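Peer 1:
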Amino acid sequence: MKYLIFDAGPIISLTMNGLLPVLEKLKEGFDGEFVVTPAVRKEILDKPLKIQKFKLEAMQVQKLFDKGVLVSSTKIVPTSKLQKESSRILKLANNSLKSTKTHQRIKIIHDGEASCMAFSNLCSCDNLIVIDERGTRILIESPESMKNLLSKKLGTEVVEVGDSLHKFKKQRFIRSAELMYVAHKKGYMQETTKEFLDAVLYALKFKGTAISIKEIEEIKDMVVKK
Amino acid sequence: MKKGEPEVSIEKGGDLFNIARVFENAEIAIKEGDWMKLKDLSNQTLHSATVHQDPLNIMTAVLVYSLSKIFQRKHYREMEGWQEFNDKLIKNWEEAILALTMDDGEKAIAILGKIRQSLNEISGNLALYLKDIFRKAEINKAFKLYENGLTAESTADLFGVSLWDLSSYIGQSSISEAHVAQSLPEAERIKYAEDFFK
């Protein structure tokens, strides 16, 4: 069994771009589950259902749960176990960097992202996390860059507390952009042209996926090469 | 702020004292209707809001920014309900300064809440416009905090805005273009995705 673990951002950007049917097609041909933790479910479903502006989108997401395209992590890992691991990750991540000026620890990640990482640690299966925003990815994939980014943005030196930044398990992350690349390659989109992929990738970028123009061009180049 | 006056910094101990200074400077700007000065003060509060991530710094950043937008639109001052709003604002502002100078952060937060609440009591269309400004200011400041390095979820939560609202703003951010944001070669990430769906 394989688990594709979704943070809130990718579901939001796919929904806002009308790409949920593509996600459904990806699930049909996938030997595993698309997993959503309770903290993420709150962001993609429970909260927007109460906001008129996003109620329609939330109802579309609800359909994916009804159809079993998205499944709750509680079916795989007990909530109490997940919460305990999430708390451990939150504590570690949010105490790993401090400002030298104020000596205050900088809170970097939040419940949703921590719960995805926690599930990844606990599920004992092949897994991949889909996360669109850059913070968590940078923290795990290039912790030094996170330190430099915060130092630059805050205009104050930010230092690591002990070696906490290096205590994280190296997890694998993709974004909704790479997911849509796979869908495009498999012919799951309404058009198979490179132009259509270009439109999809930029649409994702403008609806919250942290991806650079350079990276988009690199993805498009791969279509030609393969 | 007058020329030559040092910039207000909240990134130190004595945080309430510094926020009080922001409020004192903002009070002068409010009375003068000087929206540019309010905007400057709002920018100064943002870094401390990123570091501290506490309600008082965040409410201050949002409130001062909202006021800069409100005072920028001079025609609001001609609208029904303006005097009512302005009088309550100044009264509450002075109370907030007093609370801050007495090191009573909780009271200051409650007073800032009262300023926001006072929008519900204004008559006419002005209330709708002002509420819209406050809402947009929350999203705007949340976005700025995201640009300062926090995750989208953290910023949305701190400002009480929806991730759905924030997503369009994030799309406009140039931060993804920064070299540091590219923490893994794209080819490697694509390989993760392709291998997983084999």
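Same order as they appear, the protein sequences are chains A and B. Add 182 to the 1-based position in the first sequence for my numbering, that's all there is to it. Add 356 to the 1-based position in the second sequence for my numbering, that's all there is to it. Just so it is clear, CB atoms sit at the ideal spot from N, CA and C, and this is done for glycine as well. These numbers were taken from a predicted model, which means no experiment stands behind them.
1) Does DSSP put B/Gly527 in a helix, in a strand, or in coil?
2) Please state whether DSSP places A/Asp345 in a helix, a strand or coil.
3) Is there contact between the region 372 to 392 of chain B and the region 415 to 425 of chain B, where contact requires at least three CB pairs shorter than 8 Å?
4) Under the three-state reduction of DSSP, which class applies to A/Asp308: helix, strand or coil?
5) Rounded to whole angstroms, what's the CA-CA distance from B/Tyr502 to B/Ile546? Just pull it up for me.
6) Roughly how many angstroms lie between the CA atoms of A/Lys209 and A/His285, to the nearest whole one?
7) Expressed to the nearest angstrom, what Euclidean distance is found between the alpha-carbon atoms of B/Ile366 and B/Leu475?
8) For A/Thr318, which residues in the same chain have their Cβ closer than 6 Å to its Cβ, ignoring the five residues on either side in sequence?
9) List the endpoints of the continuous alpha helix (DSSP H) containing B/Tyr502.
10) Quick check: is the beta carbon of A/Pro230 nearer than 9 Å to any beta carbon in chain B?
11) Alpha carbon to alpha carbon, how far is A/Lys257 from B/Leu419? Give it in angstroms, no decimals.
12) Determine the chain A residues that contact B/Asn504 at a beta-carbon separation under 7 Å, and present them in chain order.
13) Taking one C-beta from the region 274 to 282 of chain A and one from the region 229 to 239 of chain A each time, how about it: are there three or more such pairs within less than 8 Å?
14) Return no unless some Cβ of chain A is closer than 9 Å to the Cβ of B/Val364.
15) CB-CB under 7 Å to A/Glu342, same chain, minus the five flanking residues each way: which ones, in chain order?
16) Which value, in whole angstroms, describes the spacing of the CA atoms of B/Glu440 and B/Glu434?
17) Give the list of continuous beta strand (DSSP E) stretches no shorter than 3 residues that lie fully inside the region 381 to 439 of chain B.
18) Does the distance from the C-beta atom of A/Leu321 to that of A/Ile356 stay below 9 Å?
19) Measuring CA to CA, which of A/Phe216, A/Tyr185, A/Leu227 and A/Leu252 is closest to B/Trp520?
20) Give me the residue from B/Leu372, B/Thr406 and B/Asp396 with the minimum Cα distance to A/Ile288.
21) With 7 Å as the limit, tell me which residues of the region 243 to 268 of chain A have their beta carbon closer than that to any beta carbon of chain B; keep them in chain order.
22) Taking buried to mean at least 16 other C-beta atoms within 10 Å of its own C-beta, is A/Pro192 buried or exposed?
23) Tell me, please, whether the CB atom of B/Asp459 is closer than 9 Å to any CB atom in chain A?
24) Under a CB-based cut-off of 9 Å, is A/Val364 close to chain B?
25) Roughly how many whole angstroms lie between the Cα atoms of B/Ser524 and A/Ser297?
26) Helix or strand or just coil, what does DSSP make of A/Phe355?
27) Residues in the region 398 to 430 of chain B with C-beta within 8 Å of chain A's C-beta atoms, listed in sequence order?
28) Rank A/Lys263, A/Lys207 and A/Asp293 by C-alpha distance to the C-alpha of A/Val251 and give the top, closest one.
29) Compare the C-alpha of B/Ile495 against each of B/Asn481, B/Ser510 and B/Ala483 and name the closest.
30) Could you tell me the alpha carbon to alpha carbon distance between A/Val204 and A/Thr261, rounded to whole angstroms?
Peer 2: Walking through what the data contain:
1) Looking up residue 527 of chain B in the second sequence gives position 171. Helix.
2) Within the first sequence, residue 345 of chain A is the residue found at index 163, counting from 1. Coil.
3) yes
4) In the first sequence, residue 308 of chain A corresponds to position 126, counting from 1. Note: A/Asp308 maps to strand in three-state DSSP.
5) By 1-based counting over the second sequence, the position of residue 502 of chain B is 146. By 1-based counting over the second sequence, the position of residue 546 of chain B is 190. Their Cα atoms are separated by approximately 26 Å.
6) To locate residue 209 of chain A, count along the first sequence from 1; it is residue 27. To locate residue 285 of chain A, count along the first sequence from 1; it is residue 103. Looking at the two C-alpha atoms, the distance is approximately 46 Å.
7) Counted from its first residue, the second sequence places residue 366 of chain B at position 10. Counted from its first residue, the second sequence places residue 475 of chain B at position 119. Only weak support exists for where B/Ile366 lies, its pLDDT of 35 falling under 50; the coordinates are left without a value.
8) Position 136 of the first sequence, counted from the first residue, corresponds to residue 318 of chain A. Here the set comprises Ile291 and Glu295.
9) Position 146 of the second sequence, counted from the first residue, corresponds to residue 502 of chain B. Leu482 to Glu503 is the extent of the alpha helix (DSSP H) around B/Tyr502.
10) Here residue 230 of chain A refers to the residue found at position 48 when the first sequence is read from its first residue. Interface residue, yes.
11) By 1-based counting over the second sequence, the position of residue 419 of chain B is 63. By 1-based counting over the first sequence, the position of residue 257 of chain A is 75. When rounded, the distance between both Cα atoms is 44 Å.
12) Here residue 504 of chain B refers to the residue found at position 148 when the second sequence is read from its first residue. Here the neighbours are Lys335 and Leu336.
13) no
14) Within the second sequence, numbered from 1, the residue matching residue 364 of chain B stands at position 8. Here the model assigns B/Val364 a pLDDT of 34, short of 50, so the residue's position is not dependable, and the following value carries that caveat. No, B/Val364 lies away from the interface with chain A (no Cβ there is under 9 Å from its Cβ).
15) For this step, residue 342 of chain A is matched to residue 160 along the first sequence. Cβ neighbours of A/Glu342 beyond the five flanking positions: Ser278, Leu279 and Lys329.
16) Numbered from its first residue, the second sequence carries residue 440 of chain B at position 84. Numbered from its first residue, the second sequence carries residue 434 of chain B at position 78. Cα-Cα distance, rounded: 12 Å.
17) none
18) As a working mapping, residue 321 of chain A is identified with position 139 in the first sequence. As a working mapping, residue 356 of chain A is identified with position 174 in the first sequence. Contact flag unset, no.
19) Within the second sequence, residue 520 of chain B is the residue found at index 164, counting from 1. The shortest Cα separation from B/Trp520 among A/Phe216, A/Tyr185, A/Leu227 and A/Leu252 belongs to A/Leu227.
20) Along the first sequence, one-based indexing puts residue 288 of chain A at 106. That would be B/Thr406, whose Cα lies nearest to the Cα of A/Ile288.
21) none
22) Translated into positions along the first sequence, residue 192 of chain A becomes position 10. The residue is buried, with at least 16 neighbouring Cβ atoms inside 10 Å.
23) Walking along the second sequence from the start, residue 459 of chain B turns up at place 103. Taking Cβ atoms only, chain A never reaches closer than 9 Å to B/Asp459, which makes this a no.
24) Within the first sequence, residue 364 of chain A is the residue found at index 182, counting from 1. So yes, A/Val364 belongs to the interface.
25) The residue labelled residue 524 of chain B in the question sits at position 168 within the second sequence. The residue labelled residue 297 of chain A in the question sits at position 115 within the first sequence. The straight-line gap from Cα to Cα measures roughly 24 Å.
26) For the purposes of this step, residue 355 of chain A is identified with residue 173 of the first sequence, where counting begins at 1. In the structure shown, A/Phe355 sits in a strand (DSSP, three-state: E or B).
27) His403, Thr406, Val407, His408 and Gln409
28) Sequence index remark: in the first sequence, residue 251 of chain A carries index 69 (1-based). Looking at the Cα atoms, A/Lys207 is the closest of the given residues.
29) Indexing the second sequence from 1 puts residue 495 of chain B at position 139. The shortest C-alpha separation from B/Ile495 is found at B/Ser510.
30) Locating residue 204 of chain A in the first sequence gives position 22, counting from the first residue. Locating residue 261 of chain A in the first sequence gives position 79, counting from the first residue. Looking at the two C-alpha atoms, the distance is approximately 29 Å.
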